[in-house]
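Undergrad: Numbering (the UniProt record's numbering), first residue to last: 1 to 915. Glycine included, every Cβ here is placed at the ideal spot set by N, Cα and C. The structure that follows is given in the form of structure tokens.
Encoded structure:
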């Protein structure tokens, strides 16, 4: 039986913690609703030396300035890092408001682990954090930084493949990693039970540190740089004017400001809701358990590496002659029940369900047998903020200008705090991100993601996903599902659809044709890094698209109407679009929208419905982000209007050589449209269906934009009449593999705010637009990277691990890039990868320019590393030639994309699937 115990020696932060205030706790058994067990503090003089100004009594109202350029809510590690980096850049008119005391939220707890064995986007920010903490230690601050490395354990073959994949893309980008056998494991960590271990990865650069100490050192340095801190002052509301931050209302008065940064941790969501308009911050606290076992009968070395035992959902590090243990629970519990997060004495409201943690404890004891001597470990339930997708939430909010967010640390604020502080400060100062942080952008959410019940359900699962094996395109969420569904959801489910989610929208991934009504609904089989178990299903779906008709529900697209009374809408779009938006009525143009540096802010289709009206189709994940970006570029005279009509239309993609004949029969009209045109027709009994001549797949066909009340009728009629044309349901995984083989880039994988058209193999075809000057300069200087298609050779597709994205690319044994997306090529019958190529590091001293000759040099040898095995890869800078689709349809030859450039659609290569 586990019991809750608090003692001076067992406190997570010990006597070297750098708190400014103190109290002494005697040893006693307690229930968790005693705050002292989480805030054992010392009277050490070293703590008081950190305070640059004396704190006021919480009983007296604090001094509150009437104005400040920047106000930060919260004084945890992330907030203090933001303040520190602002003053470091000369922005010292900063006011930090904390409802309790510095570091009194989740920054007062934590494992103190710093792990670099992460995806590159996250690793870069963590690497900066470690570098910053090293500097603090060199400055003489005792922050407990020790770089003894980490060991990442695998108990199964699949876990070892996952670790090898992660190692493959980390090593060539500068992280030292080694694969360990059982003997090496025992040498590095003698206390581990290793008999059931499949393998392990050793990362010597990983570290541990004292979270509380770093939190307070950053606050001290921010104060020294001019930032002002006011404790015991709760922020109640952020007030706005003309869509921008105006002031901050606190319990002691109002502070006028230009910028507001929400770093309020567990209270961030509720604070965002109090703004007008409300700012959505989908982060919610989940219970997060730690255990302290110290000291032990054996003397424990302080130089032990810390352990991640992923398959037991646990981590372990040395702690004061014993161990600190923690879990990312696979069935986590939302904190504080269904109530609000208390602003005062919140620790008294945290309850512990020790029976919930007993199985996790037993697994830790199995891994560290020395723990068997511990009968009553000290258990701490320390809630932390988690997000619906397990990624940080960073950046400027879409609802209010100059309102920034830095929350959702998902169980370890120390790892990202340094890099996040730098990123937020520089984004605020420069008006744009300085690093590739698109996966963490606050604008990736909708209102539904901020729903409390949705968050509470998702928290059950998202905590454990930190350590779960996530199989590419197969590990879907179980909780908080069936929220956004197209009108076709139920009928597609009855036809054997296996669904996945994007922006909470249920999308059919593929169909199980063996399912019959009345049987148990089919589900995604166990995931695999190899040939997926559903491969034969999607292969048959592809054949339908090549020889007959494939029917794909693509309703999740973001859809926006753009209108004006006169010609202002044309001028507006011409400013935003890198392709010519002034097309004929009835025409469609594929275009990018670029930022000032020439990178993509959007990749979309523009349909001109009238002289002064357009219909825009954008990627699913862009629904919030692009609407906000376009809104901030609207004319100030309100002459142009935007209207999000995503839910108004159901989208059915009708793909294949017989699509024209099928639709012509259903509409009693000629549907043989020219590429990139549209017209409104009746389909069966349904009126006002927009038929658009593109498919997002590289095959012939049409997209139907159907008023949603007609969707079931149109779909049912398509399938009934389509039997004579070989019509079949098709999922988005088939569509994904098709677009990769056709060299069609994908938003957020190939196309991002940091990638330009030239780098992606395209260009532009018009006069002024945002970003043109940057692209003109890049054209003169040449690109430093280039998107390339690779076809892999020498693989046994039935036995070898597949490429799925993230694999490193080598040219003559030198690292030159990373795979962005990969899939099976149904025509080539080989794996096909897309990825960016740069010059090897050694060659960048002469030039950074990547040329066609460099890429296509016949004397070079390209290889792709897949989980530690390299396979030969043949490069292509143009789409692959596509043969005649079927002996039964000899007249139909899919048009190679590079031939369509003659239509004056320079960006045609980017007909991406918007998913």
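(1) Counting only runs of 4+ residues fully inside the segment 98-161, write out the alpha helix (DSSP H) ranges in chain order.
(2) Just to confirm my understanding: we take residue 836, look at its own chain, exclude 5 residues before and 5 after, and list those with CB closer than 6 angstroms. What are they?
(3) Buried or exposed for residue 903, going by 16 or more other Cβ atoms inside 10 Å?
(4) Measuring CA to CA, which of 771, 783, 849 is closest to residue 574?
(5) Can you check which of these residues, 655, 682, 658, 657, is closest to residue 668 by C-alpha distance?
(6) Determine the DSSP secondary structure at residue 564, reduced to helix, strand or coil.
(7) May I ask which residues mark the beginning and end of the beta strand (DSSP E) holding residue 199?
(8) Relative to the C-alpha of residue 609, which residue among 579, 596, 689 is closest?
(9) Kindly identify the DSSP beta-bridge partner or partners of residue 785.
(10) Do residue 674 and residue 693 have their C-beta atoms closer together than 8 angstroms?
(11) Which of helix, strand or coil does DSSP assign to residue 867?
(12) Ignore the nearest five residues each way along the sequence and tell me which others in residue 342's own chain have a CB closer than 6 angstroms to its CB.
(13) Tell me the rounded alpha-carbon separation between residue 728 and residue 589.
(14) What ranges does the beta strand (DSSP E) occupy inside the segment 570-637, keeping only unbroken runs of at least 3 residues that lie completely in it?
(15) Can you tell me whether residue 843 is buried or exposed? The criterion is at least 16 other CB atoms within 10 Å of its CB, across all chains shown.
(16) What three-state label does DSSP hand residue 209 in the structure shown?
(17) Identify whether residue 172 lies in helix, strand or coil by the three-state DSSP scheme.
(18) Apart from the five residues on each side of it in sequence, which residues of its chain come closer than 7 angstroms, Cβ to Cβ, to residue 754?
(19) Could you give the DSSP three-state label for residue 741: helix, strand or coil?
(20) How would you write the range of the alpha helix (DSSP H) that residue 187 sits in, first residue to last?
(21) Please name the residue, chosen from 713, 653, 685, 670, that lies closest to residue 705 on a Cα-to-Cα basis.
(22) For residue 68, count neighbouring Cβ atoms within 10 angstroms of its own Cβ and tell me buried if that reaches 16, exposed if not.
(23) Is the number of C-beta pairs between the segment 251-267 and the segment 398-405 that are closer than 8 angstroms three or more?
(24) Keeping to the same chain, check which residues put their C-beta closer than 8 angstroms to that of residue 189; ignore five residues upstream and five downstream.
(25) Mind checking residue 4: buried by the 16 CB within 10 Å criterion, or exposed?
(26) Report all residues from its chain with a CB closer than 8 angstroms to the CB of residue 738; omit the five preceding and five following residues, and keep chain order.
(27) Measure the Cβ-Cβ separation of residue 301 and residue 373 and say whether it is below 8 angstroms.
(28) When you compare each of 685, 760, 701, 218 to residue 677 by their alpha carbons, which one comes out closest?
(29) Apply the 10 Å Cβ neighbour rule to residue 380 and answer buried if 16 or more other Cβ atoms are within range, or exposed otherwise.
(30) Throw me the rounded Cβ distance for the residue 388 and residue 508 pair, which I believe falls under 8 angstroms.
(31) Taking only three categories from DSSP, how would you classify residue 285?
(32) Tell whether a beta-carbon distance below 8 angstroms holds between residue 562 and residue 627.
(33) Within this structure, are the beta carbons of residue 149 and residue 217 separated by less than 8 angstroms?
(34) Who are the near neighbours of residue 173 in its chain, counting only those whose CB is closer than 7 angstroms to its CB and skipping five residues on each side?
(35) Can you tell me where the alpha helix (DSSP H) with residue 500 in it begins and where it stops?
(36) Taking the straight line between their C-alpha atoms, what separation do you get for residue 356 and residue 824?
TA: Put simply:
(1) At a cut-off of 4 residues, the continuous stretches assigned as alpha helix (DSSP H) that sit fully inside the segment 98-161 are 120-138.
(2) In its chain, beyond the 5 residues on either side, 785, 787, 817 have a beta carbon closer than 6 angstroms to the beta carbon of residue 836.
(3) Because the pLDDT of residue 903 is 31, which lies under 50, any placement of that residue in the model is unreliable, and the number read from its coordinates should be weighed accordingly. Label assigned to residue 903: exposed.
(4) When each option's Cα is compared against that of residue 574, the closest is 771.
(5) Closest by alpha carbon: 682.
(6) Assigned with DSSP and collapsed to three states, residue 564 falls in strand.
(7) Taken as a continuous stretch (DSSP letters only), the beta strand (DSSP E) holding residue 199 covers 199-203.
(8) With distances taken between Cα atoms, residue 609 lies closest to 689.
(9) Residue 785 pairs with 838.
(10) For the 8 angstroms CB-CB criterion, residue 674 and residue 693 form a contact.
(11) Coil.
(12) Hits under 6 angstroms: 349.
(13) C-alpha separation (whole angstroms): 29 angstroms.
(14) Look at the segment 570-637 and you find these whole runs of beta strand (DSSP E), each 3 residues long or longer: 588-594, 600-610, 613-618.
(15) Residue 843 is exposed by the Cβ-count criterion.
(16) Three-state DSSP puts residue 209 in coil, outside helix and strand.
(17) In this structure, residue 172 counts as helix in the three-state DSSP scheme.
(18) For residue 754, where only same-chain residues beyond five positions count, the Cβ hits under 7 angstroms are 436, 599.
(19) DSSP places residue 741 in helix when its eight states are reduced to three.
(20) Its alpha helix (DSSP H) spans residues 182-188.
(21) Taking only the C-alpha atoms, the option nearest residue 705 is 653.
(22) Answer is buried; the Cβ neighbour count reaches 16.
(23) Verdict: yes, contact present.
(24) Taken in chain order, the residues that qualify are 151, 304, 305, 307.
(25) Below a pLDDT of 50, predicted positions are generally treated as unreliable, and residue 4, at 33, falls in that range; no measurement from the model is reported.
(26) Closer than 8 angstroms at the Cβ level, and outside the excluded window around residue 738, lie 542, 545, 697, 698, 699, 826.
(27) No, they are not a contact pair.
(28) Ranking 685, 760, 701, 218 by Cα distance to residue 677 puts 701 first.
(29) By the neighbour-count rule (16 or more Cβ atoms within 10 Å), residue 380 is buried.
(30) That belief does not hold up - the Cβ atoms of residue 388 and residue 508 are roughly 22 angstroms apart, past 8 angstroms.
(31) Here residue 285 sits in strand by DSSP.
(32) By the CB criterion at 8 angstroms, residue 562 and residue 627 fall outside the cutoff.
(33) No, these two residues do not count as a Cβ contact at 8 angstroms.
(34) Leaving aside the five residues that flank residue 173 on each side, the residues in its chain whose CB is nearer than 7 angstroms to its CB run, in chain order, 120.
(35) Unbroken run through residue 500 is the beta strand (DSSP E), 497-502; no alpha helix (DSSP H).
(36) Taking the straight line from one Cα to the other gives about 43 angstroms.
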